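With our numbering, letter number 160 in the sequence shown gets 167, and the count goes up by one each step, no holes.
In this text, a Cβ means the ideal position worked out from N, Cα and C, and glycines have one as well.
As the structure is a prediction and not an experimental result, all values here were calculated from the model.
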Amino acid sequence: MKTKQGILLVLSLFLVAVSLFGQDTLTVVPGTVTVDGVRGTGEYTYSTSQNNMELWLRRLDDNRLAFFYQVKTTGWIALGFGSVRMDSAHILIGYQAAVTVADEQTGAGNTHSRATTTVLQTSLMREVDGYTIWEGIIDGSRFLAGPNLQMIMAYGRADNLTTRHQARGSLTVTLR
Ligand code: HEM
């Protein structure tokens with residue numbers, strides 16, 4: 008009997024762990040993310056990888072979303088929130104040169120221009136060994152209200168905000 012209870016306990020703990028850290032869902036996991044451009048063990052609960060672009064996320068509370076984004080390029084990198092297309096996405100785009108250049112833009116068709124609102128609360132970008140890394144926390148309240156978080160990502164080879172992507176991708180994450 009005790010063994011049965013033990014097995015049930017282990018099984019429930021396993022299911023809780025899967026639901027908290029499952030790769031297809033994002034749930035609030037309170038805690039701290041240190042925005043230092045280094046991905047600490049256990050800092051992120053969701054990850055995905057597409058075409059040289061690696062993304063980790065953690066939902067810190069109802070509104071705040073932490074991201075760690077790493078791309079094998081020395082050119083521009085970008086994340087977009089609230090859409091699986093460029094159109095209407097809220098885009099964070101930037102590159103690391105002598106200084107960090109970063110901007111928030113809104114997609115319109117297959118173009119984008121300076122956004123009228125900003126969501127970035129804190130962030131740090133750095134370039135290391137041919138990778139550009141961007142870690143930050145956004146006010147994601149606009150994007151976290153529905154059943155899913157929709158995102159796009161892309162990167163280019165040039166140090167500017169205008170040359171078309173080398174690759175791009177999109178993702179939809181179930182919010183719990
Ligand atoms: C830097 C200037 C940019 C230019 C000139 C540009 C141009 C284009 C063009 C012409 C397309 C349609 C052809 C195709 O499918 O490749 C496209 C699609 C796409 N782009 Fe961009 N893009 C830019 C920036 C971005 C950024 C910053 C992101 C992500 C944050 C992005 C994500 C996407 C995605 C996901 C698609 C496919 C869905 C869609 O058509 O919206 N692009 N882009």
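Asked	Found
Is Ile98 near the ligand HEM, going by C-beta to nearest heavy atom under 7 Å?	yes
Determine the closest residue to Leu67 out of Val40, Arg183, Thr113 and Ile98, with distance taken between C-alpha atoms.	Val40
Please return the same chain residues whose Cβ sits closer than 8 Å to the Cβ of Gln128, not counting the five positions on each side in sequence.	Arg71, Gly143, Ile144, Ile145 and Asp146
Just to check my reading of the structure: Thr32 and Thr181 have Cβ atoms closer than 8 Å, yes? What is that Cβ distance to the nearest angstrom?	5 Å
DSSP three-state label for Phe150, please.	coil
In angstroms with no decimal places, state the Cα-to-Cα distance between Val108 and Asn117.	21 Å
Tell me whether Ile159 counts as near the ligand HEM, meaning its Cβ is closer than 7 Å to at least one heavy atom of that ligand.	yes
Hey, which unbroken runs of the beta strand (DSSP E) at 3 residues or more fall wholly within the stretch 96-121?	97-103, 107-115 and 118-121
What residues are listed by DSSP as bridge partners for Thr181?	Thr32 and Asn155
Give me, in chain order, the residues of the same chain whose beta-carbon lies closer than 8 Å to that of Val91; leave out the 5 immediate sequence neighbours on both sides.	Gln157, Met158, Ile159, Ser177, Leu178 and Thr179
How many Å lie between Gly82 and Phe74 at the Cα?	19 Å
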